[in-house]
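Here's the structure we're looking at; comments come further down.
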Amino acid sequence: MLHIDTLTKVYRRGVRANDGISLDVAPGEVLGLLGHNGAGKTTLLGQIVGLVRPTSGRITLLGRDPVAEPAWARTACSFQPQAQAPLTGVTARQAIEIVGRLRGGGRRAVRRRTDELLAALDLGEWADQAGERLSGGVRRLTAFCMAIVEPGRLVMLDEPTNDVDPVRRRLLWEQVRALAADGHGVVLVTHNITEAERAIDRVVVLDHGRVAAAGSPATLAAGREMRLELTGADDHPAPSWSLAEHREGGRRTFTVAAADAHLAVAWAQTRATRFSLNPVSLEDVYVRLTEEVTGDAALAA
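Following our numbering, the numbering of the sequence shown begins with 167 at its first residue and continues without gaps.
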């Protein structure tokens, strides 16, 4: 569905927002695009939907070039931008229905789909309130509905859960999976890595415009390392089996090779009042990868 080959975007003063990015998205797949602020995620989405022109590289969407056909790209893609949608003067229901009609949906079908989404995301009590009176989370959910009321073959969501409460975040992830089940490709930018891990099929980690890692969440976090967390631990130097250490208040966290887990447990039993040992999460992997790439870049400079 989507193929990106060595895509590079250089802004003024030589700033490389994207630097040789290559990735693919298949129909029915949810791709999680992870990265720190300024990693180049939003710039990448802008190029796919024809809003930003690449410096070099190639994008192929459904066999066509969205850079050469930006108007077509915006019909083939649905896009929820990071910025809040302008809702002044309309209700949440009206905003969703207007976008659905603009994207070519029939009146009855759009109205029915709008009702379904408002119910699925538990937005009924705010559906007919003026947009300017809605909270940030409800505005974000409304924008999500606007993006998927009449979805394109590719759906791109830039931090859709910002400001959204925990219960409705779960409902939103269910709708993301429903899109994939209907055959849509989904590109999802988020900082809620722990939650997104349950909704995405594959991950691409960006760091300073480059791909730092790619693969399924299970593959990236597969049993190579574990995380040891200790409360009330003494100030003894990190043991030789520790791959990395983080301290915060009275808590110490170590990254441990899976093969050394027994050593970590034995050490913790004599050093802490309370401890836990768990497999690393996707968030742990993401932090480690970006720290390694940043450190390598600093050494190279």
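For every residue, glycine included, the Cβ atom is placed at its ideal position computed from N, Cα and C.
In this structure, V355 places its C-beta atom within 9 Å of the C-beta atom of L199. At least 9 Å separates the beta-carbon of V276 from that of L320. Each of E282, A261, L197 and S188 was checked against the Cα of L337, and the nearest Cα belongs to E282. Here DSSP, grouped into helix, strand and coil, assigns V422 to strand.
Comparing alpha carbon positions, the residue from P326, A404 and R224 closest to A249 is P326.
Fewer than three beta-carbon pairs drawn from the stretch 366-375 and the stretch 309-323 are found closer than 8 Å, and the two stretches are therefore not classed as touching. The DSSP assignment places complete beta strand (DSSP E) segments of no fewer than 3 residues inside the stretch 301-367 at 320-324 and 351-355, in order along the chain.
At a cut-off of 4 residues, the continuous stretches assigned as alpha helix (DSSP H) that sit fully inside the stretch 220-301 are 236-242, 258-268 and 273-286. L409 and A205 have their alpha carbons spaced roughly 25 Å apart. Our two residues, R279 and W238, have alpha carbons roughly 23 Å apart in a direct line. Collapsing the DSSP output to three states places L372 in a strand.
Residue pairing by DSSP places K175 opposite N184 in a beta bridge. Only residues of its own chain outside the window of five on either side were considered, and among them S244, F245, Q246, V321 and L323 have a CB closer than 7 Å to the CB of A313, listed in chain order. For V431, the secondary structure class from DSSP, reduced to helix, strand or coil, is helix.
Per DSSP, the beta bridge partners of N444 are R393. Counting only residues of its own chain and dropping the five nearest sequence neighbours on each side, Q295 has a CB closer than 8 Å to the CB of T257 and A258.
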